[in-house]
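Heads up: the structure comes next, in structure tokens.
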Amino acid sequence: MVKDATLYNETLHISNSMKKCSGEPEKAIILTSYGDNDLKQTISKNSQEFIDYIHKLGLHVEHNESTTNYQNRSITILTLKTTCFKVDFNDNSARIAPLK
């Protein structure tokens, strides 16, 4: 357990597809979208649920930690293999499914 820690930066990067993807949708996750149809904002507002979901798809976790002059520095990088997703928005949710 960590006490008196300060999180300085947390970033979730989602890139747009550079080419058209095809395939059949696999098991989907449904996230609350707040009616904005903005994928990055929807994932940002539901980040923990989305990270738990992609972890099951084959998420690679890399963690580095160092201490210098009693100052601790810790970096954790989560990397998902290149995966295309199908995203469908409706009034208040987004259905996100990886393509196989």
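Just so you know, we're using this note's numbering here: the sequence shown kicks off at 1384 and counts up by one. For each residue, glycine too, the CB sits at the ideal point set by N, CA and C.
What did DSSP end up calling residue i once you bin it into helix, strand or coil?
{"i": "K1423", "result": "helix"}
{"i": "S1449", "result": "strand"}
{"i": "I1397", "result": "coil"}
{"i": "K1439", "result": "coil"}
{"i": "K1428", "result": "helix"}
According to the neighbour-count rule (16 or more other Cβ atoms, all chains shown, within 10 Å of its Cβ), is residue i buried or exposed?
{"i": "T1425", "result": "buried"}
{"i": "N1429", "result": "buried"}
So, for residue i: in the same chain, excluding its five sequence neighbours on each side, which residues have a beta-carbon less than 6 Å away from its beta-carbon?
{"i": "N1447", "result": "I1458"}
{"i": "I1412", "result": "Y1436 and I1479"}
If I measure Cβ to Cβ from residue i and keep anything under 7 Å in the same chain, skipping five residues before and after, which residues do I get?
{"i": "D1474", "result": "G1418"}
{"i": "F1472", "result": "S1416 and N1420"}
Below 8 Å between beta carbons: does that hold for residue i and residue j?
{"i": "V1444", "j": "L1463", "result": "no"}
{"i": "L1440", "j": "P1481", "result": "yes"}
{"i": "E1432", "j": "L1414", "result": "yes"}
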